[in-house]
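Going letter by letter, the sequence shown gives residues -17 to 219 in our numbering.
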Amino acid sequence: MPNTLSERILLIEDDPSIQRGLELNLKLEGYQVKVEPDGASGLKTAAAWKPDLVLLDVMLPVLSGYDVCKELRRQSATLPILMLSARGAEMDKVKGLDLGADDYIAKPFGLHELLARIKALLRRVKGAEPTRVLRFGDVEADFTSGEIRRAGALVETTAREIKLLEFLASREGRVVTRQAILDAVWGENYFGTERTVDNFITRLRQKLDDVDNPAHFLTARGMGYRFRAEGRDTLGP
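The structure is reproduced here in structure tokens:
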């Protein structure tokens, strides 16, 4: 069924055949679409048109997709960015996620899979209303008071642990790299190692989950972590 809300999608892609195919199919789904062939023009259109989602190729003239992603994320913390690339290597995916991309799909990709990912990202943004109270399992975290309770009992936590929990919860269901966590929770000028993140995740598991069989603080192997409020998913411990 066509999309009746007519969200705006900006496609930044330099391959004319991919441009035409995606533009046509996205419009058939009911989206408003603008297409730009390079990174610089893509940034200008993003600033002026205010898209609801950006489809961003990695290999672009003028400015690379990575540079565009970094600047888009600097301008907006919530704009969904889905990166497109012929590169399927894990480190390329990690780099995109580090720079703030929400998802990454390697070419060639199936149209139905791409549309499903677009819809999922748009749903997340619509449902991402700020909340200062988080409940998962037997845990209740009040970010306004800074108090966390488990099974009704107050849990002793540090300000950094609370900030880490709040950041992960704000990106629930999404893989977040260790570097992205360091930048958000410790700041871009922090020069510690990614092992710091691992240690803090272990602490949160000890206090709020299960170290040996976690249901909420999940590891995305080789990439980072993912928070899941509803319980276990397919990422594994």
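Glycine included, C-beta positions come from ideal geometry on N, C-alpha and C.
Spatial neighbours of aspartate 49 in its own chain (CB-CB distance under 7 Å, excluding positions within 5 residues in sequence) are listed in chain order as Gly21. Taking the C-beta atoms as reference points, valine 167 is found no nearer than 9 Å to lysine 189. Inter-segment contact for the stretch 72 to 90 and the stretch 152 to 163 is present: three or more beta-carbon pairs are separated by less than 8 Å.
Per DSSP, reduced to three states, the secondary structure at methionine 65 is strand.
Rounded to the nearest angstrom, the gap between the Cα atoms of alanine 102 and valine 44 is 30 Å.
Per the C-alpha coordinates, the member of Ser67, Gln57, Val158, Gly119 positioned closest to leucine -7 is Ser67. Just so you know, the alpha carbons of glycine 12 and glutamine 1 end up roughly 17 Å apart. The C-beta distance from leucine 97 to methionine 65 rounds to 16 Å, too long to fall under 8 Å, and the pair is not in contact. In this chain, glycine 3 is not harboured by any beta strand (DSSP E); it is covered by the alpha helix (DSSP H) spanning -2 to 10. Per DSSP, the beta-bridge partners of threonine 201 are Tyr207. Closest in alpha carbon position to glutamate 143, among Leu8, Arg187, Glu95, is Arg187. The straight-line gap separating the alpha-carbon atoms of glutamine 57 and glycine 92 is approximately 30 Å. Ranking Glu(-5), Leu6, Arg156, Ser(-1) by CA distance to the CA of serine 23 puts Glu(-5) first.
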